[in-house]
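Read through the structure below, which is laid out as structure tokens, and then see the notes.
Residue numbers (my numbering): 7 to 285.
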């Protein structure tokens, strides 16, 4: 692990506690099998989906991604700005706070896009092959010297008109004590490409608590343990709020742009959604 990388203070023991009803092992196991099967089905069908037009492909991805989250026993709520049917011609950098592995299909349920992810994810079972087939941009986070190439690749994707999702905190945070600051590199890519920035706010709650709880995938938590914790947690809801775009021309540089996006997400965290796009 490189010393320059952000390190979250969150731990599974302190942050991943579920407050609410718990599913019995048999129904939880059925959800786990269903979620993994639907994820695998998406990986298998990804090449065929690439043959569809952008609007049809986006619609299909939204439905599949929402179904993936639901298949793990988690309700989905998407709120905020209406989601445009067409991708922006100049590309769009979607930036979100990072809580869980569920964040990836949750964002796709609202804004289908390419992902920017650490290179280790490429070797993950199920999720790794799916990410690669979906056009994920993998970066080596452990080498600072690789950062300029990553920014260049991201800017190229945005310049080509792609929507790309980035989690600029650089690590997962449960959100109980704020979270990590948005790092600047991805915002430089948006400036270089002349692409707008779209902040989104991710949260997980139960009827008893607004904390991430079981959904939090933090620290050294094994993926298998996190998967089981999610499917055994009854009454879990995943919420994503789509916030207004920030034109890069409105902010004087990448630091100001990152700060504006982080403030938009942080200031929205205490608000209850006023309108719903879909469930």
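Note that CB positions come from ideal geometry on N, CA and C, so glycine has one too.
{"Item": "So which of 102, 33, 48, 142 has the shortest CA-CA distance to residue 209?", "Value": "102"}
{"Item": "Starting from residue 243, trace the beta strand (DSSP E) in both directions and tell me its first and last residue.", "Value": "243-248"}
{"Item": "Per DSSP, residue 122 forms a beta bridge with which residues?", "Value": "143"}
{"Item": "Helix, strand or coil, according to DSSP, for residue 102 in the structure here?", "Value": "strand"}
{"Item": "Would you check if the distance between the CB atom of residue 199 and the CB atom of residue 221 is smaller than 8 Å?", "Value": "no"}
{"Item": "Quick check on residue 259: buried or exposed, where buried means 16 or more other Cβ atoms within 10 Å of its Cβ?", "Value": "exposed"}
{"Item": "Whose C-beta lies closer than 6 Å to the C-beta of residue 241 among residues of the same chain, with five residues either side of it excluded?", "Value": "26, 27, 212, 213"}
{"Item": "Less than 8 Å between the CB atoms is what I'm expecting for residue 44 and residue 67, so what's the real figure, rounded?", "Value": "Not really, about 13 Å apart at Cβ, beyond 8 Å."}
{"Item": "How big is the Cα-Cα spacing for residue 131 and residue 194?", "Value": "32 Å"}
{"Item": "Tell me which same chain residues have a C-beta within less than 7 Å of the C-beta of residue 153, skipping the five on either side of it?", "Value": "191"}
{"Item": "First and last residue of the beta strand (DSSP E) that includes residue 208?", "Value": "202-211"}
{"Item": "Across which residues does DSSP place residue 238 in a beta bridge pair?", "Value": "In DSSP, residue 238 forms no bridge with anything."}
{"Item": "List the residues that DSSP assigns as beta-bridge partners of residue 2.", "Value": "There is no way to answer for residue 2, as the model of the chain reaches only from 7 to 285."}
{"Item": "Using only alpha-carbon positions, find the residue among 139, 107, 21, 176 that is nearest to residue 47.", "Value": "139"}
{"Item": "Does the beta-carbon of residue 77 have 16 or more other beta-carbons within 10 angstroms, so that it is buried, or is it exposed?", "Value": "buried"}
{"Item": "Using a 10 Å radius around the Cβ and a threshold of 16 neighbouring Cβ atoms, would you call residue 196 buried or exposed?", "Value": "buried"}
{"Item": "Which of the three DSSP states is assigned to residue 81 in this structure?", "Value": "strand"}
{"Item": "Rounded to the nearest angstrom, what separates residue 32 and residue 248 at their Cα positions?", "Value": "35 Å"}
{"Item": "How long is the line joining the alpha carbons of residue 205 and residue 251, rounded to whole angstroms?", "Value": "7 Å"}
{"Item": "Classify residue 278: buried if its beta carbon has 16 or more other beta carbons within 10 angstroms, exposed otherwise.", "Value": "Note on residue 278: pLDDT 48, under 50, position unreliable in the model; no value is reported."}
{"Item": "Distance check for residue 39 and residue 61, CA to CA, integer angstroms please.", "Value": "30 Å"}
{"Item": "Taking Cβ to Cβ, would you say residue 100 is nearer than 8 Å to residue 110?", "Value": "no"}
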